[in-house]
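Peer 1: Dropping a structure here in structure tokens format, bear with me for questions.
2 protein chains.
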Amino acid sequence: MNIGEAATRSGVSAKMIRYYESIGLITPPARTAAQYRVYAADDVHTLRFVRRSRDLGFSLEETRELLALWRDKSRASADVKSLAMAHVRALEEKAAELKAMADTLRHLATHCHGDHRPDCPILADFAAAPTVQA
Amino acid sequence: MNIGEAATRSGVSAKMIRYYESIGLITPPARTAAQYRVYAADDVHTLRFVRRSRDLGFSLEETRELLALWRDKSRASADVKSLAMAHVRALEEKAAELKAMADTLRHLATHCHGDHRPDCPILADFAAAPTVQA
DNA sequence: CTTGACCTTTCCATTATGGGAAGCTTTATA
DNA sequence: TATAAAGCTTCCCATAATGGAAAGGTCAAG
């Protein structure tokens, strides 16, 4: 199949498939005489794996490691698990960070009239000297 | 004061101060005969405002709007508040997204032995046909 | 045989930040 | 004072992952 079909079937854009190939994340497929890339069903499988990994927030480099583990039939599941759990912690940390920002801002907004008047605790806070805010 | 001191006092790196100037976020300061940038106390104030805005996750474009509102003494606090609340929603949405990824992955990891054996539900999931996972 | 859909490569843009080089200035030290 | 260190200037490059567009070749259907 051509790259377009592989893209549709895997959920990875043709653009990205070429990119992944260029950085060595996936192996270069065969080519027709006219240089068209030709993919096999198994390649779509790999692309789906990458897609899933990306959807779960793994970077391409992490995805590269996961792919290597996937291909290595003698891997230790402990290796996969530790990689996954490290990522879980990173995700949770990032989520908590965003939540903290939201909470701080929501708190400030609570005290803002939100009417025609110019007074605004949000701007006042931004303009204030650096302090550890709630 | 020179850019280094302004950087230290504001918490914005000299590199970033120059960049903010280049994109018109802050106004170009005066220069000495030797072309050194000269900042006033008020400039540090502005830089701190930008820093705080960035720390709360606003993009530079959003920060630009906030700065404009800050400078506009006849602004309506409603405008500030709506900008802030839109951002709060975006932050919470993003946080929820990350949390969902973490939950999914943690769930998969729960069923992974995490020992020397190669069998791993995490990789199995990644390799599976696209399905709506828990 | 033409048209349209699809493929190819290459270049550019995004967001915000850091690193480094080459060269000038100012300050501190011997 | 001479010199070195620290600080400033501009310019270029790199990052992560993706999309867009241009210019041109290919293939299938009408």
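Same order as they appear, the protein sequences are chains P and V. For reference, each letter of the first sequence is one residue, going 1068 to 1201 in the working numbering. For reference, each letter of the second sequence is one residue, going 1068 to 1201 in the working numbering. For each residue, glycine too, the CB sits at the ideal point set by N, CA and C.
With a threshold of 8 Å between beta carbons, is E1159 of chain P in contact with chain V?
Peer 2: Judged by the 8 Å Cβ criterion, E1159 of chain P is in contact with chain V.
Peer 1: Rounded to whole angstroms, what's the CA-CA distance from V1147 of chain V to A1176 of chain P? Just pull it up for me.
Peer 2: Cα to Cα, the separation comes out at about 9 Å.
Peer 1: Please return the same chain residues whose Cβ sits closer than 6 Å to the Cβ of G1078 of chain P, not counting the five positions on each side in sequence.
Peer 2: R1118, listed in sequence order.
Peer 1: If you drop the 5 nearest sequence neighbours on each side, which residues of the same chain put their C-beta closer than 8 Å to that of A1201 of chain P?
Peer 2: With a pLDDT of 38 at A1201 of chain P, under the threshold of 50, the predicted position of this residue should be treated as unreliable, though the coordinate-derived value follows. The residues are T1171, H1174.
Peer 1: Output, in sequence order along the chain, the residues in the segment 1072-1083 of chain V whose CB is closer than 8 Å to any CB in chain P.
Peer 2: Flagged, chain order: G1078.
Peer 1: Within 8 Å of any Cβ in chain P, is that where the Cβ of A1101 of chain V sits?
Peer 2: False, the Cβ-Cβ gap to chain P never drops below 8 Å.
Peer 1: Hey, would you say W1137 of chain P sits closer than 8 Å to L1134 of chain V, going by beta carbons?
Peer 2: Cβ atoms of W1137 of chain P and L1134 of chain V: not closer than 8 Å.
Peer 1: Quick one, which residues of the segment 1168-1190 of chain P are near chain V if we go by CB-CB under 8 Å, in chain order?
Peer 2: Under the 8 Å Cβ criterion, the segment 1168-1190 of chain P contributes M1168, A1169, T1171, L1172, R1173, L1175, A1176, C1179, H1180, G1181, D1182, H1183, R1184, P1185, D1186, C1187, I1189, L1190.
Peer 1: Report the residues of the segment 1136-1155 of chain P with a CB closer than 7 Å to any CB of chain V, ordered along the chain.
Peer 2: Against chain V - using a Cβ distance shorter than 7 Å - the residues of the segment 1136-1155 of chain P are L1136, W1137, K1140, S1141, R1142, A1143, S1144, A1145, V1147, K1148, A1151, M1152, H1154, V1155.
Peer 1: Which residues does DSSP pair with R1098 of chain V in a beta bridge?
Peer 2: R1098 of chain V pairs with V:R1104.
Peer 1: For R1142 of chain V, I'd like the list of residues in its chain whose CB is within less than 6 Å of its CB, leaving aside the five on either flank, ordered along the chain.
Peer 2: Cβ neighbours of R1142 of chain V beyond the five flanking positions: L1136.
Peer 1: Can you check whether the CB of C1179 of chain V is closer than 8 Å to the CB of P1188 of chain V?
Peer 2: Against a cut-off of 8 Å, the Cβ pair of C1179 of chain V and P1188 of chain V comes out as a contact.
Peer 1: Alpha carbon to alpha carbon, how far is Y1106 of chain V from A1157 of chain V?
Peer 2: So the two alpha carbons sit approximately 35 Å from each other.
Peer 1: Between D1139 of chain P and K1161 of chain V, what straight-line distance do the alpha-carbon atoms span, to the nearest angstrom?
Peer 2: So the alpha carbons of these two residues sit roughly 34 Å apart.
Peer 1: How would you label H1183 of chain V, buried or exposed, when you count the other beta carbons within 10 angstroms and need 16 or more for buried?
Peer 2: By the neighbour-count rule (16 or more Cβ atoms within 10 Å), H1183 of chain V is not buried but exposed.
Peer 1: Assign F1125 of chain P to one of three DSSP states: helix, strand, or coil.
Peer 2: Residue state, collapsed to three classes: coil.
Peer 1: Can you give the Cα-Cα distance for G1045 of chain P and G1091 of chain P, rounded to whole angstroms?
Peer 2: There is no way to answer for residue 1045 of chain P, as the model of chain P reaches only from 1068 to 1201.
Peer 1: In three-state terms, what does DSSP make of G1091 of chain V?
Peer 2: Three-state result, G1091 of chain V: coil.
Peer 1: Are the C-beta of I1070 of chain P and some C-beta of chain V separated by less than 8 Å?
Peer 2: Taking Cβ atoms only, chain V never reaches closer than 8 Å to I1070 of chain P, which makes this a no.
Peer 1: Does DSSP put V1079 of chain V in a helix, a strand or coil?
Peer 2: Coil, per DSSP.
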